[in-house]
Amino acid sequence: MQKVLHINPDKCTGCLQCEMACSFENYGTFATAKSRIKVFDFHHTGKKVPYTCTQCDEAWCLHACPVEAITMNRTTGAMEVNESTCVGCKVCTIACPFGTINYVEETGKVQKCDLCGGEPACADACPTGAITFIDANWTGLGKMAQWADKLGNQPSAA
Amino acid sequence: MSWTGKILRVNLTTGAIKAEPTNMDWARAYIGSRGLGTKYLVEEVDATVEPLSADNKIIWATGPLTGTMASTGGRYTVITKSPLTGAVACSNSGGYWGAEFKMAGWDMLIFEGKSPKPVYLYVNDDQVELRDAAHLWGKSVWETEESLKKSLQDPLTRVSSIGKAGENGVLFASVVNDLHRAAGRSGVGTVMGSKNLKAIAVRGTKGVGNIKNPKAFMKAVNAAKKVLAENGVTGQGLPAYGTQVLMNVINEVGALPTRNHQDSQFEGAKDISAEAMATPRKSDGKKHLVTNQACFACTIACGRISKMDENHFTIVNKPQYRGASGGLEYEAAWALGAANGVNDLEALQYANLLCNEEGIDPISFGTTVGAVMELYEMGVLTKEQIGIEAKFGSAQALAFLTEETIYGRGFGKEIGQGSKRLTAKYGHPDLSMSSKGQEFPAYDGRAIQGIGLAYATSNRGGCHLRGYTIASEVLGIPVKTDPLEHEGKPDLVKAFQDATAAFDSSGLCIFTTFAWGLPDLASQMAGACGDEYTTEELAKIGERIWNMEREFNNRAGFTAKDDSLPKRLLTEPVKTGPSKGKVNMLAEMMPKYYAARGWDSEGRPTAATKARLGL
């Protein structure tokens with residue numbers, strides 16, 4: 001079963017545990033500046049929204065790469081950057097419609113979410129369930145269950 | 001070992017900026033944040049210094065757990081000598097600024113001297129510059145943050161700054177970061193303003209590494225997070241209701257100071273409670289509360305984000321206050337509300353927004369307004385002097401006086417001096433509800449005996465966060481004690497004060513202690529910094545910090561007689577409710593407290609105590 005990161009902004013409190021977990025997993029240091037998932041704080045509405053790569057099947061970054069440094073991991077479904085092949089040309093950062101692949105000055109390469117090899121640290125660290133790692137075919141299951149509950153378990157209007 | 005090992009020293013008089021190594025012997029003995037920052041202050045500043053002179057210093061300090069995944073590990077402390085109290089000032093804030101500064105590679109930031117003109121400090125990892133702030137002077141905290149993010153072309157910059165109140169010398173001006181998190185008390189923002197320092201803008205990309213034992217640390221962090229999640233207060237009560245969950249609780253036990261401590265229960269408490277914030281308003285059918293919000297790394301998320309009623313009289317023509325913003329938290333809701341007899345939730349949030357926007361402490365402000373209203377009702381102050389009819393319960397007066405105070409206009413200038421100076425000026429010093437010149441927070445020291453002792457002995461003056469015995473006396477954490485009973489409270493207060501000093505110095509939030517004890521801190525400190533941080537060692541360090549602060553105050557001229565409470569709490573019994581007839585039994589408790597502390601009858605640590613603590 002392929003799994004994907006699923007984000008529910010309504011549950012996000014803006015604690016940035018996900019950003020620290022990401023940087024700690026990948027760099028061994030707590031550095032939100034190096035995180036591949038970012039939480040956006042829209043303070044006029046109070047909304048906090050985590051955002052990261054959704055691992056497109058037909059990935060713009062993969063197709064744009066001139067040296068084939070980006071490949072799909074057949075086990076996890078993640079598009080992964082091979083650092084030894086990447087030349088830091090940044091074409092993928094232009095090609096990606098979502099902005100979720102970015103250049104890293106310190107390494108001269110690009111980085112993106114690779115699902116931590118199948119156990120994403122961000123989802124593990126999220127204290128509220130705003131970020132979960134779930135069945136790719138059933139990302140709607142939670143919402144369906146809520147509406148099914150409404151349909152079947154609430155007193156009818158009549 | 002989780003410290004960065006580097007301190008930034010900025011001389012505002014000369015403009016010299018210097019990086020220096022953190023004194024690791026002191027870091028070992030005082031941990032960080034409150035403890036380590038205060039150690040630097042007491043070593044470098046004469047305790048008799050005039051707080052608003054160039055000779056005072058002001059320090060921003062992070063702890064070893066700031067900027068890590070330890071839950072709530074985002075805090076920093078601002079340390080200086082207070083212009084409000086003349087005692088040590090030590091105000092702690094959450095939000096994101098502290099972690100960002102630590103991630104830039106610094107443990108602490110020390111400002112010396114006074115800048116000849118308004119400046120702000122820009123820190124981008126190792127790039128540190130004092131920059132002209134002429135264009136920011138006269139701007140609010142909110143405008144300053146927005147302007148800096150824009151001019152630096154970096155939305156990820158974090159800003160710690162003062163508003164107009166800090167520039168204008170309001171004696172309880174705060175330092176505000178991330179729009180609505182504040183190092184709120186004792187006038188740390190006033191000292192910042194006196195140095196012509198407007199803001200510190202920080203971008204940190206290095207991160208916090210150098211964890212002593214990463215595996216043990218993460219194991220301890222995860223176990224401690226689980227404790228928070230499974231605890232009723234930190235896992236359910238605080239995220240759902242925030243600190244405001246206390247409003248009805250404290251009112252029901254008869255300990256909600258009302259109308260300048262004339263009463264101990266407020267008939268309007270339910271109107272300004274957490275429950276009211278979560279109930280649709282009659283006026284527009286919308287809820288006041290929008291959502292909760294966490295500070296950096298916090299898995300509790302007690303912060304409140306609210307939206308006001310757009311048609312409320314305070315903001316009818318002020319669209320800038322219509323968006324979601326911080327508040328109300330319990331202490332502010334009490335100080336702006338019950339302390340003045342005001343039960344208009346929207347008016348309280350308006351006053352609270354102004355406190356954040358221009359940087360003042362709502363506790364000292366609200367309590368001072370309470371004293372003004374009492375003086376007005378006594379006929380000592382008139383409508384002409386104040387500029388409005390200042391009866392208890394008047395939301396109009398509260399809104400008006402908030403504006404006058406933050407903008408430094410009219411009678412607001414007098415309110416900006418705090419209740420001690422104001423009540424003394426008008427011949428009624430007993431009506432200042434304060435200790436050491438700092439106003440009390442939201443618990444009646446007659447109805448809760450231990451908190452009265454904690455107020456009287458707090459090293460920064462009237463304060464609940466130096467020894468939150470409410471946890472034990474009202475909530476039963478870690479064990480229930482009788483709030484009306486004074487026996488046993490000296491030892492309880494000491495234990496809370498010492499443990500709090502250790503937590504405050506680590507970079508974590510004191511609210512974790514609703515669920516955690518020192519062993520939970522010890523396991524995380526040991527993983528991050530080394531196995532020497534045992535529970536016993538942390539308690540001892542906490543006690544060492546407490547005595548260090550005490551000795552600074554003693555050198556500043558404080559004596560045993562300053563460990564006091566206003567006459568009202570000692571001689572005017574509570575009129576109604578569960579605590580009816582009670583006064584605070586301070587005279588009974590104080591000798592036992594001094595004995596428990598190992599202090600002489602003048603409140604000075606004995607030679608034996610100092611030797612035991614390595615002072």
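If you read the sequences in order, they're chains V and W.
Residue numbers for the first sequence follow my numbering, beginning at 1 and rising by one.
Residue numbers for the second sequence follow my numbering, beginning at 1 and rising by one.
Just so you know, even glycine gets a beta-carbon here, dropped at the ideal spot from N, CA and C.
For residue j and residue i, the rounded distance between their alpha carbons
i	j	result
A133 of chain W	K198 of chain W	7 Å
G476 of chain W	A255 of chain W	16 Å
L155 of chain V	A145 of chain V	Note on identity: in this sequence residue 155 of chain V is Pro, with Leu being the wrong assignment. Their backbone Cα atoms lie some 17 Å apart in a straight line.
V78 of chain W	I58 of chain W	7 Å
G117 of chain V	A78 of chain V	8 Å
I94 of chain V	G28 of chain V	28 Å
F111 of chain W	E146 of chain W	24 Å
H261 of chain W	M433 of chain W	7 Å
K226 of chain W	K480 of chain W	23 Å
N82 of chain V	G237 of chain W	46 Å
W60 of chain W	E68 of chain V	48 Å
E44 of chain W	P116 of chain W	22 Å
T205 of chain W	D498 of chain W	34 Å
E310 of chain W	K286 of chain W	10 Å
G142 of chain V	G129 of chain V	12 Å
A182 of chain W	G95 of chain W	8 Å
E389 of chain W	L152 of chain W	46 Å
For residue i, the residue or residues it bridges with in DSSP
i	result
I79 of chain W	W:I59 and W:C90
K18 of chain W	W:R9
Y120 of chain W	W:R131 and W:A199
N292 of chain W	W:R304
N102 of chain V	V:Q111
V109 of chain W	Val is not the amino acid found at residue 109 of chain W; the sequence shown has Leu there. L109 of chain W pairs with W:L8 and W:W60.
I131 of chain V	V:I7
A173 of chain W	W:I360
E439 of chain W	W:S434
F30 of chain V	W:V208
D263 of chain W	W:T258
A182 of chain W	W:V176
R158 of chain W	W:V202
S325 of chain W	W:S306
For residue i, three-class secondary structure by DSSP
i	result
D498 of chain W	helix
S506 of chain W	helix
Y350 of chain W	helix
S434 of chain W	strand
V227 of chain W	helix
H6 of chain V	strand
L152 of chain W	coil
K219 of chain W	helix
D41 of chain V	strand
V141 of chain W	helix
N50 of chain V	According to the sequence displayed, residue 50 of chain V carries Pro and not Asn. Three-state DSSP puts P50 of chain V in a strand.
D482 of chain W	coil
I70 of chain V	strand
T576 of chain W	coil
P319 of chain W	helix
M103 of chain W	helix
Residue from the options whose Cα sits closest to the Cα of residue i
i	options	result
K580 of chain W	W:S194, W:E572 and W:S151	W:E572
Q320 of chain W	W:H428, W:N92 and W:L354	W:L354
V574 of chain W	W:A229, W:Y443 and W:L521	W:Y443
K420 of chain W	W:L84, W:E549 and W:P362	W:L84
T623 of chain W	W:I360, W:S71 and W:T234	Residue numbering for chain W in the displayed model covers 1 to 615; residue 623 of chain W lies beyond these limits and cannot be assessed.
L622 of chain W	W:Y96, W:V123, W:T258 and W:S53	The requested residue 622 of chain W does not occur in the structure, where chain W is confined to residues 1 to 615.
Q127 of chain W	W:L565, W:G105, W:A424 and W:Y533	W:G105
E487 of chain W	W:L41, W:E532, W:M585 and W:V10	W:M585
L620 of chain W	W:K582, W:D55, W:E143 and W:W142	Look at the range of chain W in this structure, 1 to 615, and you will see that residue 620 of chain W is not part of it.
L179 of chain W	W:E357, W:I470, W:E602 and W:L508	W:E357
I635 of chain W	W:A333, W:A395 and W:Y376	Missing from the structure shown is residue 635 of chain W; chain W here goes from 1 to 615 and no further.
I37 of chain V	V:W60, V:N102 and V:C56	V:N102
D25 of chain W	W:L171, W:G169, W:K39 and W:K114	W:K39
A502 of chain W	W:N56, W:M589, W:G32 and W:A54	W:G32
Pair every Cβ in the segment 493-503 of chain W with every Cβ in the segment 442-462 of chain W, then say whether three or more of these pairs are closer than 8 Å.
yes
Three CB pairs or more closer than 8 Å across the segment 339-355 of chain W and the segment 364-380 of chain W
yes
Three or more C-beta pairs below 8 Å linking the segment 160-171 of chain W and the segment 187-205 of chain W:
yes
Answer yes if the segment 289-303 of chain W comes into contact with the segment 65-74 of chain W, meaning at least three C-beta pairs across the two stretches below 8 Å, and no otherwise.
yes
Can you find at least 3 beta carbon pairs, one from the segment 546-562 of chain W and one from the segment 459-474 of chain W, that sit closer than 8 Å?
yes
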